[in-house]
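Visitor: Residue numbers (the working numbering): 4 to 157. Built from N, CA and C at the ideal position, the CB exists for glycine as well. I have a structure I would like to understand better, so I am pasting it below and will then ask my questions one at a time.
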Amino acid sequence: MPGRDLYSEITDKLIALIEADPGQPQLPWRRAGLPLGLPINAVTRKPYNGVNIVSLWMAADAKGYTAPLWATFRQWQSADAQVRAGEKASLVIFYKEFETAHPASADPDPSAADADDGKRRMARASFVFNAAQVDGYALASEPELGGPIERMAV
């Protein structure tokens with residue numbers, strides 16, 4: 004059974020949103036007129052990046068979420084909050100890079116082993132819920148909604 008094509012799933016959602024109103028000269032996440040905060044993890048306070056920004060913007064627009072705070076089911080539980088029954092999660096891609104003790108190369112070509120830097124990279128689907136989908140979580144204060152330049156300094 005082939006694995007999921009996570010990037011295609013996100014791309015297909017974006018295309019569907021654009022095609023839903025082709026006369027609108029705005030990207031889908033700007034149509035609702037809601038504040039456009041860059042998404043951050045509600046528990047770790049780390050900003051989401053890459054394709055996850057677009058994925059979460061689309062989800063927030065589709066559901067009318069105004070808070071840019073997202074977390075996994077378990078993360079919300081760790082914050083003494085509970086995802087409401089029936090709420091649907093939004094797709095993000097979890098990336099991780101790690102080092103191996105010994106670079107592996109099944110290729111008998113010695114030059115291929117030289118190209119192996121010993122690092123392995125993985126990406127997998129993860130699912131998060133917006134702060135609007137949980138009970139028991141109160142915003143201590145409005146999250147900092149810095150723009151891309153300010154966020155790059157973090």
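Please state the DSSP three-state secondary structure of Y98.
Guide: Y98 falls in the strand class under three-state DSSP.
Visitor: What residue does the alpha helix (DSSP H) around L17 start on, and which one ends it?
Guide: 9-23
Visitor: Do the stretch 129-141 and the stretch 94-103 make contact, defined as three or more Cβ pairs closer than 8 Å?
Guide: yes
Visitor: Please name the residue, chosen from D120, W79, G26, G53, that lies closest to Y233 on a Cα-to-Cα basis.
Guide: Within the shown structure, residues of the chain are numbered from 4 to 157, placing residue 233 beyond reach of any answer.
Visitor: Going by the beta-carbon positions, is the gap between L72 and A134 smaller than 8 Å?
Guide: Contact: yes.
Visitor: For R154, does the three-state DSSP call read helix, strand or coil?
Guide: Caution is warranted here: a pLDDT of 47 is assigned to R154, below 50, making its placement in the model unreliable, and no coordinate value can be reported.
Visitor: Where does M4 sit, in a helix, a strand or coil, going by DSSP?
Guide: In this prediction, M4 scores a pLDDT of 42, lower than 50, which makes its location untrustworthy; the coordinate-derived value is nonetheless stated afterwards. Three-state DSSP puts M4 in coil, outside helix and strand.
Visitor: Is R87 near D138, with beta carbons less than 8 Å apart?
Guide: yes
Visitor: Cutting at 6 Å between CB atoms, please list the residues of its own chain near F76, excluding the five before and the five after it.
Guide: V86
Visitor: One question on the structure: do S81 and V57 come within less than 8 Å of each other, judged by their Cβ atoms?
Guide: no
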